[in-house]
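Please read the structure below before turning to the comments.
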């Protein structure tokens, strides 16, 4: 997954369902870009993408590329009791990442032992092409 993509042919977990207002985000992930929706009226960045700016309600927006770098704000590790599709991957850790751009994103951390995850840890985005049509954004520790 080295910042690039690997194809998981046996991926059997739930997949996101892109909407008209989020499709560009998912198109970006396919080319290893983490895109954020920026309001043309007030400059507010929204994640996840919405139809309207959550700050001023303007429908006018543009997509900007994130550096994909941030720090862990919070995390939760699941050792037991995951939904059926996620049992095989236990334990796993979900993290809230504060991106450099000021947006907080929920994702999974990879390439890191669950016992090594720490609040304040520097992380960077990586992309996992789990199907031909879907690439997910995950994070790994910055080395």
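In this note's numbering, the protein residues as written are 57 to 199.
Idealized CB from N, CA, C, for every residue including glycine.
Check                                                                                                                                               : Outcome
For residue 93, which of 87, 86, 102 has the nearest alpha-carbon?                                                                                  : 102
Mind checking who residue 178 pairs with in its DSSP beta bridge?                                                                                   : 127
Taking the alpha carbon of residue 104 as the point to measure from, which residue in 198, 69, 193 has its own alpha carbon closest?                : 193
Less than 8 Å between C-beta atoms, sequence neighbours within five positions excluded: which residues of the same chain meet that for residue 174? : 128
Identify whether residue 87 lies in helix, strand or coil by the three-state DSSP scheme.                                                           : coil
Determine, using beta carbons only, whether residue 215 and residue 198 come nearer to each other than 9 Å.                                         : The structure shown does not extend to residue 215, since the chain is modelled only from 57 through 199, so no value can be given for it.
Rounding to the nearest angstrom, what Cα-Cα distance links residue 119 and residue 169 in this structure?                                          : 33 Å
Among residues of its own chain, excluding the 5 on either side of residue 78, which ones have a beta-carbon nearer than 6 Å to its beta-carbon?    : 105
Give the straight-line distance between the Cα atoms of residue 171 and residue 149, rounded to the nearest whole angstrom.                         : 9 Å
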